[in-house]
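Asks:
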Amino acid sequence: MSLSGALLYLRAASLWGAVRSRVLRLKQPKYLLGAVVGVAYFYFFFFRPRGVVGPRGMPGNGAGGGLPTVSAETLLVIIGVAALALFLVALISWFVPRQAALAFSEAEIAFLFPAPVSRRMLIHYRILSSQFRLVLTAIIFTLIFRRGITLTHAVGWWVILATLNLHFTASSFVTTRLLNRTLTPPARRNVILVVAGVVVLALVAWGWVTIDPPTASDLRSGGALGNYVAVQLDRGPLPWLLAIPRLTLAPYFAADAHAFLLALGPALVVLGIHYFWVLHSEVSFEEASISRAEKRAARVRAVQQGDWRNQGQTLKPQRPPFNLASTGRPEVAFLWKNLLSTSALFRPVSLLVTAVVVFAVGSWLGRRPDLESARSIAAGFGTAFFTILLLFGPQMARQDLRTDLKNADILKTYPLRGWQIVLGQLLTPIFVLSAVTWVALLAVALVAPGMGFESQNPFLRAALLIGAAVLVPPFVALQLLVPNAAAVIFPAWVQTVSNRGEHGLDVMGQRIIFMAGQLLVTALALLPAAIVGGVLYLLVSWLAGFTLAFIVSVIALFAVLSAEVWAGVRLLGDRFEEFDLSAELRP
Amino acid sequence: MIEISGLSKLFGDFTAVRDLSFRVGPGEVLGLVGPNGAGKTTTLRALAGIIPPTSGSIFIGGNDLLKDPISAKRHLAFFPDEPRLFDYLTVRQHLTFVARLYGVRDHEMIAQPLLEELEIADRADRLPAELSRGMKQKLAIACGLLHSPTALIFDEPLTGLDPLGIRRMKDSILRRARAGAAIVLSSHLLHLLEEVCSHVLILKKGERIAGGTMAEVHAQFSDGNPSASLEDVFIRATGGSEN
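Below you can see the structure in the form of structure tokens.
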């Protein structure tokens, strides 16, 4: 077998192995179920026939709908803006400091670098290897942006992505070579940089004198703005600068098969020139490739261990959030430990300062009826933030069992009951989410106009605020219990869904199932509290009026939610004690 | 003291450990040896309270680990083969955290000499990511020793250590044993066991093949050869294969 044959064999065998392992894992019910849901999601999102027939004026409308119809003029503006964006992306790659590195895996480096494989062969191998990922990305982009598969658009996307990919590699090769004193003597480098600087300055000056800034009438409507952009894209250096990006984009925007074939030739020439450029760049990529592979492997290991935040990044020691005494409730030790892993913004002092600032600004804004629009915007943001925190906060604040599952072995050797560990682990996200939600609530209560708040009795406003604030911690705790319960009851499932950084339709399906399950369980858990609170409110308001009914119902809601949380913590604690990690996490 | 009786552990249909009994008294060091898949790690993890046994009883310092795990675990320290540390806690913060969990009063008075003994006092404000493999191992040991346990369990304690680290680890184990701790350790490094252990237990496919003092096991499997090493004894006892 020739060398190129061996490399092709490696690529093909790796691809076959990856596909085979994905298929074989469908034997496990969690993957099979996930795959069914994932496929269903894809079908309903991308392929399901829709009532609206796609526009005929736009090419590439698949079976299911498409983009809104656009005029030829608008399409020209879109192409121009896309070319400008492509140009800017390519340009930025020259200013991002990068080493000339090719994306080899650690295994590829271990086997291929010491092997008698030429440098050119390695580059060939790497470029060809990246095509599978690019083709897959092109297909996904085609589905997302066109809502239906058409070959011309998929090929168009592939041309764009492959050209950009090669351009990034080539620019990193050139800049590495330029900055290498051995390859480029300083005098020569300075001449190159000066010439490049002069060219850039000349182009900027040319654009400065020829391109007009927009006037108020240009911004009056979408049509006016489109006309303005179309005119400016044809001025100064832009037609020259965007000529090559337009060639690359042309197959994607081709109106029909004939136009596509005509556009494909020049685009492939641009791609071929990039390929030639990369292949003949005389620069050493080996050392940087090894470093890149090591960093990537460290990142993957971090993700596999459940540490999404610390993906191979350098951590710095943090000051403790408070002094932890040697004796006292052991659960507090978990609060202390997990607060250390949060951002400094979520420490008690930072949150207190934020609350004071919000109170000061909110009070001032609340007394300014002339700033009603600002109050409306602030209230809108506050309400949105409050809602997002309540609904999605538990997915964001994960400093609990979900993150510490990898340390379950050690946690189980501590002289603590299971419920103590579960409660301790929950304290940090409860504290952080409750405090941030309170701040959002405070902001809304202070500035909210148009909700009848300003006309209400101040005592009633305070009561409503306190009532809502009191219910936040048990509600947050209840929400947090669900994913933590999943982590303890289905650790292998949660490891796959949250921690291992796995991909695929089946894993996506698992995530959907998981989210739906969490919402359902939370809703069911809220039901008893809602029933008890509601019944008591109606009863007491009928007997003693609104104020007492409100207080009683808040207390009842708090009591039921707290009881549910406590029962959940005890149950999870028992489960944690019986939890056999070695059996649960067996692959 | 560590005492287990009739310990069995099943994973589904697979029996990892079958009806295992042994006792480790104060000052004794028991070496757990066996081919891969013999059930060493499973036994140690059951001893540490990490996995529940399917049947049998485990007593640590006279406390039933299954019925009164809190009291039993207060006497226990488990050291896994790979040190498990918290990424965001410095060396000193690890000790502060562990001290609170075990209720160790004035833990600084204990922690500082411990860090100095283990030669990581100068790294007290470093995070685990800034420590070498050996340093991480030392930190895990410092955390385990902070509450002065009387039962110590080591799973492959020499993994990843350099020669100097291995020497110090052996000294440290012997020192704890002399101080009255009951120690169980598993290792594939039989020369370590010969140097450190007073007793040895040979497992194969989850079952006890042989056990007793080093001299007793040696006498049983040396075939009358007084110069036979533990390696010879091990190979003879296990039949020279995993199966």
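Residue numbers (the numbering used here), protein chains in the order written: chain A, -16 to 570; chain B, 308 to 550. Using N, Cα and C, we set each Cβ at its ideal position, and we do this for glycine too.
1. With a cut-off of 8 Å, do at least 3 Cβ pairs link the region 397 to 409 of chain A to the region 303 to 318 of chain A?
2. Would you say Lys380 (chain B) faces chain A, with C-beta separation under 8 Å as the test?
3. Out of B:Arg433, B:Asp320, B:Val340, B:His506, which one is the CA nearest neighbour of Leu496 (chain B)?
4. Looking at chain B, is there any beta carbon in it that lies within less than 8 Å of the beta carbon of Ile393 (chain A)?
5. Let me check one thing: in DSSP terms, what residues is Asn370 (chain B) bridge-paired to?
6. Can you tell me the Cα-Cα spacing of Thr146 (chain A) and Glu437 (chain B), whole angstroms?
7. Which residues of chain A have a Cβ atom closer than 8 Å to the Cβ of Ala449 (chain B), listed in chain order?
8. Using a Cβ cut-off of 8 Å, which residues of the region 298 to 327 of chain A contact any Cβ in chain B, in chain order?
9. Pick from B:Leu408, B:Arg515, B:Arg440: whose alpha carbon is nearest that of Val324 (chain B)?
10. Check whether the Cβ atoms of Gly556 (chain A) and Val405 (chain A) lie closer than 8 Å to each other.
11. Give the DSSP-derived three-state secondary structure of Arg350 (chain A) in the structure shown.
12. Applying a beta-carbon distance threshold of less than 7 Å, which residues of chain A neighbour Pro387 (chain B)?
13. Indicate the three-state DSSP secondary structure (helix, strand or coil) for His506 (chain B) in the structure shown.
14. Can you list, in chain order, the residues of its chain whose CB lies under 6 Å from that of Asp383 (chain A), leaving out five sequence neighbours each side?
15. Kindly indicate the opening and closing residues of the alpha helix (DSSP H) around Ser493 (chain B).
16. For a test of your reading of the model: does the CB of Phe96 (chain A) fall under 7 Å from any non-hydrogen atom of the ligand GDP? Yes or no.
17. Leaving out five residues before and five after Val181 (chain A) in sequence, what residues of the same chain have Cβ atoms less than 6 Å from its Cβ?
18. Please confirm whether Asp557 (chain A) has its beta-carbon closer than 8 Å to some beta-carbon of chain B.
19. Does Ile377 (chain B) have its Cβ less than 8 Å from a Cβ in chain A?
20. Mind checking which residues open and close the beta strand (DSSP E) that includes Ser312 (chain B)?
21. Over what stretch of residues does the beta strand (DSSP E) that includes Ser417 (chain A) continue unbroken?
22. Helix, strand or coil for Ala469 (chain A) per DSSP?
23. Could you name the residues of the same chain whose beta carbon sits closer than 7 Å to that of Ala470 (chain A), not counting the 5 residues immediately before and after it, in chain order?
24. Mind pulling the chain B residues with CB within less than 7 Å of Asp195 (chain A)?
25. I'd like to know whether the C-beta of Val491 (chain B) is nearer than 8 Å to at least one C-beta of chain A.
26. For the beta strand (DSSP E) containing Val324 (chain B), name the first residue and the last one.
27. Can you name the start and end residues of the alpha helix (DSSP H) that Asp392 (chain A) belongs to?
28. Helix, strand or coil, according to DSSP, for Gly356 (chain B) in the structure here?
29. In terms of DSSP beta bridges, what is Arg290 (chain B) paired with?
30. 8 Å is my cut-off, CB to CB: does Gly363 (chain B) come that close to chain A?
31. For a quick check, are the C-beta atoms of Pro464 (chain B) and Ser494 (chain B) less than 8 Å apart?
32. Using a C-beta to C-beta distance shorter than 9 Å, which residues of chain B count as neighbours of Glu561 (chain A)?
33. Just confirm the distance between the C-beta atoms of Asp462 (chain B) and Phe386 (chain B), as a whole number of angstroms; I'd bet it's less than 8 Å.
34. Go through its chain and collect everything with a Cβ distance to Ala517 (chain B)'s Cβ below 7 Å, but skip five positions before and after it.
35. Under 8 Å, do Val491 (chain B) and Val331 (chain B) count as touching if we go by C-beta distance?
36. Go through its chain and collect everything with a Cβ distance to Ala446 (chain A)'s Cβ below 8 Å, but skip five positions before and after it.
Replies: If we stick to the structure as given:
1. Judged by Cβ distances under 8 Å, the region 397 to 409 of chain A makes contact with the region 303 to 318 of chain A, as three or more pairs qualify.
2. One-based indexing of the second sequence puts residue 380 (chain B) at position 73. Contact with chain A is found for Lys380 (chain B), since one of that chain's Cβ atoms lies less than 8 Å from the residue's Cβ.
3. Counting from 1 along the second sequence, the entry for residue 496 (chain B) is found at position 189. Answer by Cα proximity: B:Val340.
4. The residue labelled residue 393 (chain A) in the question sits at position 410 within the first sequence. It does; some Cβ of chain B falls within 8 Å.
5. In the second sequence, residue 370 (chain B) corresponds to position 63, counting from 1. Bridge partners of Asn370 (chain B): B:Ile367.
6. Position 163 of the first sequence, counted from the first residue, corresponds to residue 146 (chain A). Position 130 of the second sequence, counted from the first residue, corresponds to residue 437 (chain B). Whole-angstrom Cα-Cα distance: 40 Å.
7. Sequence index remark: in the second sequence, residue 449 (chain B) carries index 142 (1-based). The premise fails here: Ala449 (chain B) is roughly 14 Å from chain A at the closest Cβ pair, so nothing lies under 8 Å.
8. Leu298, Lys299, Pro300, Gln301, Pro303, Leu307, Ala308, Ser309, Thr310, Gly311, Pro313, Val315, Ala316, Trp319, Lys320, Leu323, Ser324
9. To locate residue 324 (chain B), count along the second sequence from 1; it is residue 17. For the residues B:Leu408, B:Arg515, B:Arg440, the minimum Cα distance to Val324 (chain B) belongs to B:Arg515.
10. Start at 1 with the first residue of the first sequence, and residue 556 (chain A) comes out as number 573. Start at 1 with the first residue of the first sequence, and residue 405 (chain A) comes out as number 422. Yes; because the gap between Cβ atoms is below 8 Å, this pair is in contact.
11. What you label residue 350 (chain A) is simply residue 367 of the first sequence in a count that begins at 1. Residue state, collapsed to three classes: coil.
12. Taking the first residue of the second sequence as position 1, residue 387 (chain B) is located at position 80. Near Pro387 (chain B) (Cβ distances below 7 Å), the residues of chain A are Asp392.
13. Taking the second sequence and counting its residues from 1, one reaches residue 506 (chain B) at position 199. Strand.
14. In the first sequence, residue 383 (chain A) corresponds to position 400, counting from 1. Hits under 6 Å: Gln408, Leu409, Pro412, Asn467.
15. Taking the first residue of the second sequence as 1, we reach residue 493 (chain B) at position 186. It is not in any alpha helix (DSSP H) - Ser493 (chain B) instead sits in the beta strand (DSSP E) that spans 489 to 493.
16. Of the ligands one can find in the structure shown there are none, so the ligand GDP has no counterpart to examine.
17. Counting from 1 along the first sequence, the entry for residue 181 (chain A) is found at position 198. Closer than 6 Å at Cβ, skipping near neighbours: no residue.
18. Indexing the first sequence from 1 puts residue 557 (chain A) at position 574. No, because no Cβ of chain B sits closer than 8 Å to the Cβ of Asp557 (chain A).
19. Taking the first residue of the second sequence as 1, we reach residue 377 (chain B) at position 70. Interface residue, yes.
20. Locating residue 312 (chain B) in the second sequence gives position 5, counting from the first residue. Following the DSSP letters along the chain, one finds Ser312 (chain B) inside the beta strand (DSSP E) bounded by residues 309 to 318.
21. Residue mapping note: residue 417 (chain A) aligns to position 434 of the first sequence, counting from 1. No beta strand (DSSP E) contains Ser417 (chain A), which is instead part of the alpha helix (DSSP H) from 401 to 430.
22. The sequence position of residue 469 (chain A) within the first sequence is 486, counting from 1. Ala469 (chain A) falls in the helix class under three-state DSSP.
23. Counting from one through the first sequence, the residue named residue 470 (chain A) turns up at place 487. Cβ neighbours of Ala470 (chain A) beyond the five flanking positions: Leu384, Arg385, Leu388, Val477.
24. As a position in the first sequence, residue 195 (chain A) is number 212, starting the count at 1. Here the premise fails: no neighbours, minimum Cβ distance about 54 Å.
25. Position 184 of the second sequence, counting from 1, holds the residue named residue 491 (chain B). Output row for Val491 (chain B): interface = no.
26. The residue you call residue 324 (chain B) lines up with position 17 of the second sequence. That run of the beta strand (DSSP E) goes 321 to 331.
27. By 1-based counting over the first sequence, the position of residue 392 (chain A) is 409. Here the alpha helix (DSSP H) through Asp392 (chain A) covers 391 to 396.
28. Against the second sequence, residue 356 (chain B) aligns to sequence position 49. In the structure shown, Gly356 (chain B) sits in coil (DSSP, three-state: anything other than H, G, I, E or B).
29. Residue 290 (chain B) lies beyond the residue range present for chain B, which begins at 308 and ends at 550; the question has no answer from this structure.
30. Position 56 of the second sequence holds residue 363 (chain B). No, no contact with chain A.
31. Counting from one through the second sequence, the residue named residue 464 (chain B) turns up at place 157. Counting from one through the second sequence, the residue named residue 494 (chain B) turns up at place 187. Contact: yes.
32. What you label residue 561 (chain A) is simply residue 578 of the first sequence in a count that begins at 1. The answer, in chain order, is Pro359.
33. Here residue 462 (chain B) refers to the residue found at position 155 when the second sequence is read from its first residue. Here residue 386 (chain B) refers to the residue found at position 79 when the second sequence is read from its first residue. About 7 Å separates the two Cβ atoms, so the contact holds.
34. Counting from one through the second sequence, the residue named residue 517 (chain B) turns up at place 210. So the qualifying residues of the chain are Ile509, Val524, Gln527, Phe528, Ala544.
35. Counting from one through the second sequence, the residue named residue 491 (chain B) turns up at place 184. Counting from one through the second sequence, the residue named residue 331 (chain B) turns up at place 24. Result yes, Cβ atoms of Val491 (chain B) and Val331 (chain B) sit closer than 8 Å.
36. Here residue 446 (chain A) is taken as the residue at index 463 of the first sequence, counted from 1. Cβ neighbours of Ala446 (chain A) beyond the five flanking positions: Thr530, Phe533, Ile534.
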